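Input: a single structure, listed below in structure tokens.
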Amino acid sequence: MSLRPAIRAFLALGALVLLLGLTFLDAARIRRARRAEQAGTARFAAQAGLTDLALFNEARYTRHPTQADRHSAFQDHPLAFDHFPSGSLLPPRSHARRD
Numbered sequence: 001m002s003l004r005p006a007i008r009a010f011l012a013l014g015a016l017v018l019l020l021g022l023t024f025l026d027a028a029r030i031r032r033a034r035r036a037e038q039a040g041t042a043r044f045a046a047q048a049g050l051t052d053l054a055l056f057n058e059a060r061y062t063r064h065p066t067q068a069d070r071h072s073a074f075q076d077h078p079l080a081f082d083h084f085p086s087g088s089l090l091p092p093r094s095h096a097r098r099d
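For the sequence shown, counting from 1, position 60 maps to 60 in the UniProt record's numbering; every step adds exactly one.
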């Protein structure tokens with residue numbers, strides 16, 4: 001039995017959609033399994049007085065955007081290259097953008 005190319009493409013697409021659905025089910029299963037762990041982490045953060053999550057650990061201006069000095073990325077001069085790759089992953093702060 002030889003299948004037409006369109007039928008093969010439809011079957012492949014259906015299999016991929018099924019796999020995508022399975023990834024969502026797996027994510028929900030993992031989320032339920034880690035609820036207790038996340039609650040423990042939240043309790044620890046509250047007891048330790050931690051405020052914000054550090055996004056990156058490289059440069060002080062990429063650790064948390066709300067805690068960064070406006071000019072810390074330009075420590076040498078305003079046209080200096082960014083020394084850390086994480087600086088390119090954060091968008092410019094609202095005061096630096098032109099809208």
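For every residue, glycine included, the Cβ atom is placed at its ideal position computed from N, Cα and C. Note that the structure is a prediction, hence the values are computed from the model and not measured.
Report the rounded CA-to-CA distance for Leu25 versus Glu37, giving the unit in angstroms. 20 Å
Would you say Leu3 and Leu11 are within 9 Å of each other, going by their C-beta atoms? yes
Helix, strand or coil at Gly49 according to DSSP, with G and I counted as helix: coil
With DSSP as the reference, label Arg4 as helix, strand or coil. coil
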